[in-house]
Amino acid sequence: EAGVAQSPRYKIIEKRQSVAFWCNPISGHATLYWYQQILGQGPKLLIQFQNNGVVDDSQLPKDRFSAERLKGVDSTLKIQPAKLEDSAVYLCASKLPSGSEQYFGPGTRLTVT
Amino acid sequence: SQKIEQNSEALNIQEGKTATLTCNYTNYSPAYLQWYRQDPGRGPVFLLLIRENEKEKRKERLKVTFDTTLKQSLFHITASQPADSATYLCALGTSGNTGKLIFGQGTTLQVKP
């Protein structure tokens, strides 16, 4: 079974620029998560989707971050404008509605200079 | 305030010994707790889940305990091998169907031959 796919793997941008990350979850996984992982820390949930609806976006900095999951499959996370403190790995994860185990993609490492 | 704490220092052990990693939490009432393994440049990989009404769970060389009175989980790797070297993350799962996880900062384990 194919895993969670993410692209790009690496991105370097200057502050105030915009960036977008893409995630393709495992087929059949209705639940999708975006996490931010700063170096030396655990993943921090940004947003959770159930199909194409948002379940939890309480920790998403909505003044600069946005996410969508059109058609309940692929998802895009956008940052506009980026700040230095946004430098982190952005992880996408998915799971089956009935399960608890989350399957993570390889992440996108973002460096903001 | 709510807090999840894992051994902040890296854990260095000799091959063949048992590694014990600690996860303590305060001001949470998790319905379950999960342990993940994360290798450099990769997303976390699920290892074990233990529910609040379970004391112990085993899988091959892995053992997890969960003490809701002490608010602590211990993660053991017996007969450790250099290939077990990685960062191990504990994650608290809330009740309900969202599957939301709150991660600790992780503990880095180094197994020396």
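Protein chains in written order, with the working numbering: chain A, 81 to 193; chain B, 394 to 506. The beta-carbon is built from N, C-alpha and C at its ideal position, and this holds for glycine as well.
Among the options, the one whose alpha carbon lies nearest that of residue i
i                         : options                                : result
lysine 452 of chain B     : B:Pro475, B:Lys505, B:Ala403, B:Phe439 : B:Phe439
threonine 458 of chain B  : B:Glu402, B:Gln498, B:Thr413, B:Thr487 : B:Thr413
alanine 472 of chain B    : B:Thr480, B:Ala484, B:Lys456           : B:Lys456
leucine 502 of chain B    : B:Tyr421, B:Phe496, B:Phe468, B:Ser422 : B:Phe468
alanine 100 of chain A    : A:Asp166, A:Ser174, A:Thr111, A:Phe184 : A:Asp166
threonine 188 of chain A  : B:Lys493, B:Arg435, B:Asn400           : B:Arg435
leucine 426 of chain B    : B:Pro506, B:Gly409, B:Leu404, B:Arg444 : B:Arg444
arginine 96 of chain A    : A:Arg144, A:Ser180, A:Val135           : A:Arg144
lysine 163 of chain A     : A:Lys91, A:His109, A:Thr193, A:Pro123  : A:Thr193
threonine 487 of chain B  : A:Lys142, A:Leu119, A:Ile159, A:Asp136 : A:Asp136
lysine 124 of chain A     : A:Gln139, A:Glu148, A:Ile159           : A:Gln139
alanine 476 of chain B    : B:Asn417, B:Thr461, B:Lys448, B:Gln431 : B:Gln431
asparagine 417 of chain B : B:Glu447, B:Thr461, B:Lys493, B:Lys505 : B:Thr461
leucine 150 of chain A    : A:Pro161, A:Pro141, A:Lys142, A:Asn132 : A:Asn132
glutamine 130 of chain A  : A:Gly152, A:Thr191, A:Pro141           : A:Gly152
tyrosine 170 of chain A   : A:Ser178, A:Gly83, A:Ile159, A:Pro177  : A:Ile159
Closer than 7 angstroms at the beta carbon, the chain A residues around residue i
i                     : result
lysine 505 of chain B : Correct list: empty, because the minimum Cβ distance to chain A is about 22 angstroms.
Inter-residue CB distance, residue i and residue j (contact presumed, cutoff 8 angstroms)
i                         : j                        : result
glutamine 128 of chain A  : threonine 491 of chain B : 7 angstroms
tyrosine 112 of chain A   : serine 155 of chain A    : Per the sequence shown, the amino acid found at residue 112 of chain A is leucine instead of tyrosine. Yes, they are in contact, since the Cβ atoms of leucine 112 of chain A and serine 155 of chain A sit about 5 angstroms apart, within 8 angstroms.
leucine 485 of chain B    : proline 437 of chain B   : Leucine 485 of chain B to proline 437 of chain B, Cβ: 14 angstroms. No contact.
isoleucine 106 of chain A : serine 174 of chain A    : 5 angstroms
threonine 500 of chain B  : leucine 441 of chain B   : Incorrect: roughly 15 angstroms between the Cβ atoms, too far for contact.
glutamine 117 of chain A  : alanine 168 of chain A   : 6 angstroms
heavy atom of the ligand ATP below 7 angstroms from residue i C-beta
i                       : result
arginine 451 of chain B : As presented, the structure is devoid of all ligands, the ligand ATP included, so that no description of it is given.
Beta bridge counterpart(s) of residue i as assigned by DSSP
i                         : result
tyrosine 421 of chain B   : Beta-bridge pairing links tyrosine 421 of chain B to no other residue.
threonine 191 of chain A  : A:Ile92
valine 359 of chain B     : It is not possible to answer for residue 359 of chain B, since the shown part of chain B is limited to 394 through 506.
isoleucine 397 of chain B : B:Tyr418
serine 87 of chain A      : A:Trp102
leucine 125 of chain A    : A:Tyr115
valine 504 of chain B     : B:Ile406
Cross-chain neighbours of residue i in chain B, by beta carbon under 7 angstroms
i                       : result
valine 135 of chain A   : Thr491
lysine 91 of chain A    : Those within 7 angstroms of lysine 91 of chain A in chain B number zero; the least Cβ separation is about 15 angstroms.
lysine 158 of chain A   : Going along chain B, no residue has its Cβ under 7 angstroms from lysine 158 of chain A, so there is no contact; the nearest lies around 20 angstroms.
arginine 164 of chain A : Before going further, note that residue 164 of chain A is leucine rather than arginine in the sequence given. Under the 7 angstroms cutoff, chain B gives no residues; its nearest Cβ is about 21 angstroms from leucine 164 of chain A.
Cross-chain neighbours of residue i in chain A, by beta carbon under 9 angstroms
i                        : result
arginine 435 of chain B  : Phe184, Pro186, Gly187
glutamine 498 of chain B : Gly120, Gln121, Gly122
leucine 426 of chain B   : Near leucine 426 of chain B there are no residues of chain A at all, since even the closest Cβ is about 10 angstroms away, more than 9 angstroms.
leucine 455 of chain B   : Near leucine 455 of chain B there are no residues of chain A at all, since even the closest Cβ is about 15 angstroms away, more than 9 angstroms.
Chain-ordered neighbours of residue i on chain A, where CB pairs are closer than 8 angstroms
i                      : result
leucine 442 of chain B : Ser180, Glu181
leucine 404 of chain B : Within 8 angstroms Cβ-Cβ: nothing; leucine 404 of chain B doesn't reach chain A, min ~15 angstroms.
Partner residues on chain B for residue i, Cβ-Cβ distance less than 9 angstroms
i                     : result
lysine 175 of chain A : Gly492
Report the residues of the segment 457-490 of chain B with a CB closer than 7 angstroms to any CB of chain A, ordered along the chain. Within the segment 457-490 of chain B, the residues whose Cβ lies closer than 7 angstroms to any Cβ of chain A are, in chain order, Leu482, Gly486.
If you measure beta-carbon to beta-carbon, which residues of the segment 137-153 of chain A are closer than 9 angstroms to chain B? Cβ contacts with chain B: none found.
At a CB distance below 9 angstroms, what residues from the segment 111-128 of chain A approach chain B? Give them in sequence order. Thr111, Tyr113, Tyr115, Gln117, Gly120, Gln121, Gly122, Pro123, Lys124, Leu125, Gln128
Could you name the residues of the segment 180-191 of chain A whose beta carbon sits closer than 7 angstroms to any beta carbon of chain B, in the order they occur along the chain? Ser180, Glu181, Gln182, Phe184, Gly185, Pro186, Gly187
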